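Numbering (this note's numbering), first residue to last: 16 to 643.
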């Protein structure tokens, strides 16, 4: 065994960076090749496949850097132009191709791992290259990274990491040369433009300079001063871009701290978050795409949490005591702490409370700390065969988690498959239940197969009823009531749940629209008109709603009011076909030949193949030749 370890060590120490990169490619494909069979999942639709900026290739280049969001109308994902640019380039070359998207993610992951290895070599030039290699290898096989590799949306995370590490590399390569500093700053800006998490490198770079220069505070502070440049550049870039109209409203179900209902348990949530990352960095027991309310303990104090804090404090104290003896593990520990701090719900509540992708930067520090922390202990106690034990652990760890990662990769096949799999692990996950029901609702609207509609409908009802029993939210009442109305025609139950949705969120378009339609269908014109008016007050661009409202008002003999609402729609949206037709029909019901002919002519100008209107117009002109 010792001979084998010696041969491997010799090969690693003598191998070129290119050969190490090839080895990383092979290992990553062993772990993630089956992701190439997967389609798009979760938010990939909003971010790429249905995002006009990305799917238009380089034709939307200017918009990439002037729009505030991925989904071209919402500020949900903030400003991440480098990620959008990567999708646009990918689309320009290959079109929308899930296999290519997953391959790009794998390659970015490999390149980032190789850069991590190169940074460690430049930073700790006196250290044995084999141990730096083991740190990078451990990073490559960490199971917690399966999300950023599998989820195409996490392209932003991978690019942030890639450009951030490039920045550190060039900054450390020769910090006395203008070229290195320029490239370091350029790649740092690119990292931040990929995802704001890149801001963490503003702290990592001065830290790396400090360790590189053997504790030179002066050079560290000088590099820190340069960090002002990317911050200013980012602010200047984002100052004038077009803000999205919509803002994502974070809710209690995404993180209880948003609701303020149990703010007194913030300390518990912080401890739970910390324990989650420490546990899942090394020995994850399950993978979940979205956590949130009811997935972590948010009240009460578990002894294990305090044990974790004591262990963490002990490690920090021990690391500081042996700093002079071994500094590499201390660097890893600080990067771990810096990388985790923004995501521990200390400064601000995190969406979902915790997430595997949030640990990306911290995991680099963790790997360095584990490898060199073990070596520090081994050297202190003069442990023989330390290298053998360390290498064996990483190999056995990789082999043990390989089938786990393979299995997780298959769960990411589609957004339905990953959500169904994750809901099995966290059956009381309200957000996942709601999102899954919403996706089934979307599929429901695209199928005409009666059996399939009933199956989707039953699944939606099951998901929303269970979710509402755990924590009721307006969206679930909307989905529940809409399904009961549209699929099963259970008007009584639908009315109850849609009204509850309206009570909880009075400005929800779908709720108002379905209430209006349902009341129209059961001949409750008064109620239907009431909700149509409310809808148009909040959504004046809803053209179809004007037509439905005008028709019902006209049928009640309220022609003047019907005309006023339709004219209001024209003022808001122009002479759209539906609105022009509505005006003509109202005048037709009033037997106003002159105005009917006027508006029906406009209808025929837009839709000359409308047989019914053509016949009406012909008869009117026949009996009213003076109006020709």
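We put the CB at the ideal spot given by N, CA and C, even for glycine. Please read all numbers here as calculations on a predicted model, not as lab measurements.
Query, Result
"With the cut-off set at 8 Å, would you say residue 543 and residue 498 are in Cβ contact?", "no"
"Quick one, which of 469, 520, 522, 220 has its alpha-carbon nearest residue 505's?", "469"
"Which class does residue 439 belong to by DSSP, given the choice of helix, strand or coil?", "helix"
"For the pair the stretch 154-172 and the stretch 37-51, tell me if three or more CB-CB distances fall below 8 Å.", "yes"
"According to DSSP, is residue 373 part of a helix, a strand, or is it coil?", "helix"
"Given 8 Å as the limit, is there contact between the stretch 280-295 and the stretch 405-415, that is, 3 or more CB pairs closer than that?", "no"
"Hey, would you say residue 387 sits closer than 8 Å to residue 343, going by beta carbons?", "yes"
"How far does the alpha helix (DSSP H) with residue 81 in it extend, from its first residue to its last?", "Here residue 81 belongs to no alpha helix (DSSP H), and DSSP marks it neither H nor E."
"What is the residue span of the alpha helix (DSSP H) that residue 126 lies within?", "113-138"
"Who are the near neighbours of residue 668 in its chain, counting only those whose CB is closer than 6 Å to its CB and skipping five residues on each side?", "The question about residue 668 has no answer here: the residues shown for the chain are numbered 16 through 643."
"For residue 632, which residues in the same chain have their Cβ closer than 6 Å to its Cβ, ignoring the five residues on either side in sequence?", "615"
"I'd like to know whether the C-beta atoms of residue 433 and residue 56 end up nearer to each other than 8 Å.", "yes"
"Which two residues bound the contiguous alpha helix (DSSP H) that contains residue 621?", "608-621"
"What's the C-alpha gap between residue 108 and residue 579?", "51 Å"
"With a 10 Å radius around its C-beta and 16 neighbouring C-beta atoms as the bar for buried, classify residue 31 as buried or exposed.", "exposed"
"For residue 606 and residue 552, I'd like the C-alpha separation in whole angstroms.", "30 Å"
"Please classify residue 618 as buried or exposed, where buried requires at least 16 neighbouring CB atoms within 10 angstroms.", "buried"
"Do the stretch 59-78 and the stretch 175-193 touch if we need at least three Cβ pairs shorter than 8 Å?", "no"
"Check each candidate in 509, 403, 440 and name the one with the smallest Cα separation from residue 472.", "509"
"Give me, in chain order, the residues of the same chain whose beta-carbon lies closer than 7 Å to that of residue 87; leave out the 5 immediate sequence neighbours on both sides.", "Any reading at residue 87 must be qualified, since the residue scores a pLDDT of 44, below 50, and its modelled position is unreliable; the value itself is stated next. Cβ within range, chain order: 66, 67, 68."
"Pick out whichever of 366, 451, 577, 297 has its Cα sitting closest to the Cα of residue 384.", "297"
"With a 10 Å radius around its C-beta and 16 neighbouring C-beta atoms as the bar for buried, classify residue 73 as buried or exposed.", "exposed"
"State buried or exposed for residue 484, treating a residue as buried only when at least 16 other CB atoms are found within 10 Å of its CB.", "exposed"
"Where are the alpha helix (DSSP H) runs, 4 residues long or more, that stay fully inside the stretch 561-606, in chain order?", "574-588, 592-604"
"Using a Cβ-Cβ cutoff of less than 7 Å, which residues in the same chain neighbour residue 567 once the five nearest sequence positions on both sides are dropped?", "535, 540, 543, 544"
"I need the boundaries of the alpha helix (DSSP H) containing residue 171, first residue and last residue.", "170-188"
"By DSSP, does residue 242 sit in helix, in strand, or in coil?", "coil"
"What does a CB cutoff of less than 7 Å around residue 149 pick up in its chain, not counting 5 residues either side in sequence?", "386, 405, 406, 409"
"Determine the DSSP secondary structure at residue 305, reduced to helix, strand or coil.", "coil"
"Output the boundary residues of the alpha helix (DSSP H) element that contains residue 344.", "343-355"
"Please identify the residue among 549, 156, 220 whose C-alpha is closest to the C-alpha of residue 185.", "220"
"Would you kindly report the start and end of the unbroken alpha helix (DSSP H) that includes residue 525?", "524-536"
"What ranges does the alpha helix (DSSP H) occupy inside the stretch 431-487, keeping only unbroken runs of at least 4 residues that lie completely in it?", "445-459, 465-485"
"Given 8 Å as the limit, is there contact between the stretch 370-380 and the stretch 350-362, that is, 3 or more CB pairs closer than that?", "yes"
"Give the secondary structure of residue 285 by DSSP, where H, G and I count as helix, E and B as strand, and everything else as coil.", "helix"
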